[in-house]
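Count along the sequence shown from 1, add 100, and you get the number used in my numbering. A quick write-up on the structure given underneath.
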Amino acid sequence: MLKETMTTTIGCYLATLREQVGVNNCFMVPADYNLVLLDKLQENPKLVKVHCCNELNCSFAAEGYARLNGIAAIVVTFSVGAVSTFNGLASAYGENLPVILIAGVPNTNEPIDHNLLHHTTYDLDL
101 MLKETMTTTI GCYLATLREQ VGVNNCFMVP ADYNLVLLDK LQENPKLVKV
151 HCCNELNCSF AAEGYARLNG IAAIVVTFSV GAVSTFNGLA SAYGENLPVI
201 LIAGVPNTNE PIDHNLLHHT TYDLDL
């Protein structure tokens, strides 16, 4: 008898996990590597989406929200997007406030194809 396997996407898993840990608001900066995830999160009418103008503001908004409500989540993009959240995340960490950082990343097939992608650094062998 064949065993039935169930597959899910990371986006579906994160949406479910978000509900389980009690994250009701998600602070986000739409960018190239997180758009698919944001589309998935957009499908949930219970989630309040707070769009921020940059990642630093996003992280401090989430820190303030976690201070008042107990937990917050941030969705940003790869590399410089995630790095820009570090000051706000450090502030949350220093105050023992749970802030979840979710950063989109390039497709796992891209480095194999040796494509130079936005926000990435590869050995260009100049």
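We treat Cβ as the ideally placed atom computed from N, Cα and C, and that holds for glycine.
- Under the 8 Å Cβ criterion, the segment 189-209 counts as touching the segment 158-169, having at least three qualifying pairs.
- By the neighbour-count criterion, in which a residue is buried when 16 or more other Cβ atoms sit within 10 angstroms of its Cβ, Val-199 is buried.
- Membership of Cys-152 in any alpha helix (DSSP H) is not indicated, and neither H nor E is assigned to it by DSSP.
- DSSP places Phe-160 within a helical segment (H, G or I) once states are collapsed to three.
- Among the bridge pairs identified by DSSP, Ile-174 is matched with Phe-127 and Leu-201.
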